[in-house]
Amino acid sequence: MISRLCAIDSVGDDEIAMLSMALLFAGHETTVVQIGMGALLLLADPAQWRTLLEQPGLAPNAVEEILRAPGRGGDGIPRYARTDFDIEGVTVHKGDLVLLHSGVANRDGTAFSDPDRFDITRGATYHLAFGHGPRYCIGAPLARIELQAVFGQLVPRFPTMRLAVPTEELTLRRDVLTGGLIALPVTW
Numbered sequence: 014m015i016s017r018l019c020a021i022d023s024v025g026d027d028e029i030a031m032l033s034m035a036l037l038f039a040g041h042e043t044t045v046v047q048i049g050m051g052a053l054l055l056l057a058d059p060a061q062w063r064t065l066l067e068q069p070g071l072a073p074n075a076v077e078e079i080l081r082a083p084g085r086g087g088d089g090i091p092r093y094a095r096t097d098f099d100i101e102g103v104t105v106h107k108g109d110l111v112l113l114h115s116g117v118a119n120r121d122g123t124a125f126s127d128p129d130r131f132d133i134t135r136g137a138t139y140h141l142a143f144g145h146g147p148r149y150c151i152g153a154p155l156a157r158i159e160l161q162a163v164f165g166q167l168v169p170r171f172p173t174m175r176l177a178v179p180t181e182e183l184t185l186r187r188d189v190l191t192g193g194l195i196a197l198p199v200t201w
C-alpha cells in the first residue's frame with residue numbers, strides 16, 4: 014500500500030509519511046490492546062476460558078466476541094457532520110464534531126441477545142468494532158488472523174492461567190486514544 018501511495022504524484026512525502034505512521038500505529042497498537050482486553054475478558058470469566066480450552070475451534074467466535082465485548086474503552090470515533098440533521102431532539106449542524114461510539118452500538122439489545130454478557134459461544138453477529146462502509150478498517154482481516162493466532166495458542170499453552178489480582182485492581186489507560194490495560198498480572 015505504501016509503495017502505491019509513493020507512485021501517486023499528487024500525494025506528497027509528508028502525507029505518505031503520516032499515512033504510513035497511522036497504518037503502523039493502527040495495525041499494531043490496537044491489536045496489542047485487544048490482546049490484553051481479550052485475555053482479561055476470558056480470565057475474568059473462567060467458564061469462558063475453559064470453554065475455549067475444551068473447544069479450540071471457538072477461537073474465531075472468541076475473537077469476534079472480544080471485539081464486540083461490553084465494557085470496551087474509548088470515547089468514540091471523531092467525525093464531522095456532513096449535513097445538518099436532528100437526532101433525539103438535538104440539532105447537529107454541518108461541520109459539528111460528532112463522536113460515534115461503536116461500543117454502544119455493539120451492546121444494542123435489538124442486534125444482540127443479552128448484549129452485556131461476554132459469551133464466546135454467541136452465534137455469528139455483525140459488530141462495529143472495525144467500523145462500517147467506506148470507513149471500514151482495512152486491517153480488519155489481519156487483526157482477526159493475529160487475534161485468532163494469539164487466543165488459539167494462549168489458552169492451550171497456559172490452561173491454568175488466572176488473574177493474579179482482582180479485576181477491580183486493574184487500571185485502564187486513559188492517556189492514549191486506544192485505551193487498554195496498564196498491566197494484566199496473571200499466574201498459572
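Counting along the sequence shown from 1, when you hit position 35 you're at 48 in the working numbering, and nothing is skipped either side. Here a beta-carbon is modelled for each residue, glycine too, at the ideal position from N, C-alpha and C. None of these values were measured; they are calculated from a predicted model.
A residue is called buried once 16 or more other Cβ atoms fall within 10 Å of its Cβ, and Gly102, having fewer, is exposed. In this structure, the alpha-carbon of Phe164 lies about 6 Å from that of Ala72. Assignment of Phe131 by DSSP, reduced to helix, strand and coil, places it in the coil class.
Note that the stretch 146 to 162 touches the stretch 32 to 49; at least 3 beta-carbon pairs, one per stretch, sit closer than 8 Å. DSSP places Pro198 in the coil class of the three-state scheme, outside both helix and strand. Minimum Cα-Cα distance from Ser33 among the listed residues Gly152, Asp188 and Thr200 corresponds to Gly152. For Val111, no alpha helix (DSSP H) run applies; the uninterrupted beta strand (DSSP E) run containing it begins and ends at Leu110 to Leu113, by DSSP.
Contact between Arg95 and Lys107 holds, with the beta-carbon distance rounding to 6 Å and staying under 8 Å. About 5 Å separates the beta carbons of Trp201 and Thr173, which is inside the 8 Å limit, making them a contact pair. For Thr191, no alpha helix (DSSP H) segment is defined, and its DSSP state is neither H nor E. Around the beta carbon of Ile100, fewer than 16 other beta carbons sit within 10 angstroms, so the residue counts as exposed. Remark: C-beta atoms of Ile79 and Leu55 approach each other more closely than 9 Å. Between Asp132 and Gln61, the C-beta gap is smaller than 9 Å, which places the two residues in contact. For Val76, the CB contacts under 7 Å within the same chain, skipping 5 residues up- and downstream, are Arg157, Leu160, Gln161 and Phe164 in chain order.
DSSP places Asp99 inside the beta strand (DSSP E), whose first and last residues are Phe98 to Ile100. For Thr104, the uninterrupted beta strand (DSSP E) segment begins and ends at Val103 to Val105.
A straight line joining the alpha-carbon of Leu110 with that of Leu197 spans about 34 Å. Taking a 10 Å sphere around the C-beta of Leu141, we find 16 or more other C-beta atoms and assign the residue as buried.
Around the Cβ of Val178, a 10 Å sphere holds fewer than 16 other Cβ atoms; the residue is exposed.
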